[in-house]
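Written out below as structure tokens is the structure these notes cover.
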Amino acid sequence: MISVAMATFNGETYIQEQLDSIYNQTRKVDEIIIVDDCSSDLTVRVIEQYILSHKDIDIKLYKNEENLGYKKNFKKVISLCHGDYVFLSDQDDIWKVNKVEDMISIMEENPNISVLASSFEFIDQKGDVFTVPLDSRMSNNNLLMKKVKTNEVVPISFYELSIRNSFQGCALCLTKKLCARFLECFIEEFVHDWLIVLLASETNSMYFYNAPLFQYRIHDKNAIGLKDVTTSSTVKDALYARTAFCESALHVMHVLRKVDCDFEKNVTDFDCYSDFCEKHIQYLKKGSFFRVLFQNFSSYYKVIKTPRARIMDLVFCLKQGIRR
Numbered sequence: 010m011i012s013v014a015m016a017t018f019n020g021e022t023y024i025q026e027q028l029d030s031i032y033n034q035t036r037k038v039d040e041i042i043i044v045d046d047c048s049s050d051l052t053v054r055v056i057e058q059y060i061l062s063h064k065d066i067d068i069k070l071y072k073n074e075e076n077l078g079y080k081k082n083f084k085k086v087i088s089l090c091h092g093d094y095v096f097l098s099d100q101d102d103i104w105k106v107n108k109v110e111d112m113i114s115i116m117e118e119n120p121n122i123s124v125l126a127s128s129f130e131f132i133d134q135k136g137d138v139f140t141v142p143l144d145s146r147m148s149n150n151n152l153l154m155k156k157v158k159t160n161e162v163v164p165i166s167f168y169e170l171s172i173r174n175s176f177q178g179c180a181l182c183l184t185k186k187l188c189a190r191f192l193e194c195f196i197e198e199f200v201h202d203w204l205i206v207l208l209a210s211e212t213n214s215m216y217f218y219n220a221p222l223f224q225y226r227i228h229d230k231n232a233i234g235l236k237d238v239t240t241s242s243t244v245k246d247a248l249y250a251r252t253a254f255c256e257s258a259l260h261v262m263h264v265l266r267k268v269d270c271d272f273e274k275n276v277t278d279f280d281c282y283s284d285f286c287e288k289h290i291q292y293l294k295k296g297s298f299f300r301v302l303f304q305n306f307s308s309y310y311k312v313i314k315t316p317r318a319r320i321m322d323l324v325f326c327l328k329q330g331i332r333r
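What follows is the structure, encoded as structure tokens:
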């Protein structure tokens, strides 16, 4: 059984186009569960009319009595799904017709996968495709910090996911077991999709399929958008840019210890990785060139930073020394 979990809020402009793209899949879904978070526009009416005109598919609409916010709303809609596989859906994207068929086929052939993410294309408010400058060392429109060949399916480690969220929720398909795990461990300190992929990484069951299977719409009303990362030339901001990934990883590990007491035991070298991140931050703050240079032999460093970023760390340390 295949479910689609959709959380809606003031999505009247694009939601019918998204529902059409789900309805027209080459492999049909069994149910679409929608939870509306107190929309003040015509979102609910559009959905109700769609349900009336598409009685050959099971679409259920639930209306919140109070606004929960997108994190709790996605938790609620996932809890209402019955599928062996659950696709998360935004209200304003467009799925390629083969999205469900391709992702389910991969997961059925590889039962060790509990969460599978696909890549995507950008579209604007009018639905026109646009591109961003791509870094040849990265994938998934520069969200994933490693090169993955087109149409390749690769595992994604906890260490890669600890530094930042590389996959939108609308890119994900989850097994029923992982859904239950997410509901058990839900905490608002994480965006829902980041927690989902982190939990999958605990059992080495988080995978990425490098094929663009949906169109991700960028517009001025996105509930959650992709944010630009900018840096400043000031010493303070430069230090933040150099330490941000390790700071993020330490925060992630702190929260995961709270929500899952076994996470630390299940992830290989969890404590060693934590120690590396703490020391890396200390070395950068002190401008310890040779200690950072020595860290270049660490496998953790090679996962969380590109070769160029590691060189820039050393340059930063040299500048720190000159200033002193």
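The opening position of the sequence shown corresponds to residue 10 in our numbering, with each subsequent residue numbered one higher. The beta-carbon is built from N, C-alpha and C at its ideal position, and this holds for glycine as well.
With DSSP as the reference, identify every bridge partner of M215, one or two as the case may be.
V124
Once DSSP output is grouped into helix, strand and coil, what is the label at M262?
helix
Between the CA atoms of P221 and G330 - distance to the nearest angstrom:
45 Å
Measuring alpha carbon to alpha carbon, tell me which residue in K328, F129 and V301 is nearest R319.
V301
P164 in three-state terms, based on DSSP:
strand
With a CB to CB cut of under 7 Å and the five nearest residues on each side skipped, what residues in its chain are close to A51?
According to the sequence provided, residue 51 is Leu. The question's Ala does not apply to it. Excluding sequence neighbours, L51 sits near E21.
Which residue's Cα is closest to the Cα of Y32: V53, L77, W104 and S175?
W104
Using the three-state DSSP reduction, which class does L248 fall into: helix, strand or coil?
helix
Measure the C-alpha to C-alpha separation of D99 and Q224 and round it to an integer number of angstroms.
11 Å
Give me, in chain order, the residues of the same chain whose beta-carbon lies closer than 6 Å to that of I172; leave out the 5 immediate sequence neighbours on both sides.
F254, S257, A258 and I313
Give the secondary structure of N150 by DSSP, where H, G and I count as helix, E and B as strand, and everything else as coil.
coil
With D357 as the anchor, note down where its alpha helix (DSSP H) starts and where it stops.
Not covered by the structure: residue 357. The range shown for the chain is 10 to 333.
Compute the Euclidean distance between the alpha carbons of S114 and P120, then round it to the nearest angstrom.
10 Å
Y309 in three-state terms, based on DSSP:
helix
Within the same chain, show all residues whose beta-carbon is closer than 6 Å to that of I165, passing over the 5 residues directly before and after it, in chain order.
M215 and F217
Taking all protein chains shown into account, decide if S62 is buried (16 or more other Cβ within 10 angstroms of its Cβ) or exposed.
exposed
Which stretch, first to last residue, makes up the beta strand (DSSP E) that contains D45?
E40 to D45
If you drop the 5 nearest sequence neighbours on each side, which residues of the same chain put their C-beta closer than 6 Å to that of K85?
V44
Taking only three categories from DSSP, how would you classify F195?
coil
Answer yes or no: do R10 and D93 have a C-beta to C-beta separation smaller than 7 Å?
Just to set this straight, residue 10 is Met in the shown sequence, not Arg. Contact: yes.
Residue ranges of each alpha helix (DSSP H) run of no fewer than 4 residues wholly in the segment 47-102, ordered along the chain?
52-62 and 79-88
Let me make sure I understand the geometry here. Which of E117, S123 and N151 has the alpha-carbon closest to that of E130?
N151
Does DSSP put I227 in a helix, in a strand, or in coil?
coil
Name the DSSP bridge partner or partners of P221?
S128
Under 7 Å, do A16 and F83 count as touching if we go by C-beta distance?
yes
By how many angstroms is the C-alpha of C326 removed from the C-alpha of Q291?
11 Å
Should D322 and R251 be called a contact, given that it needs their Cβ atoms to be closer than 7 Å?
yes
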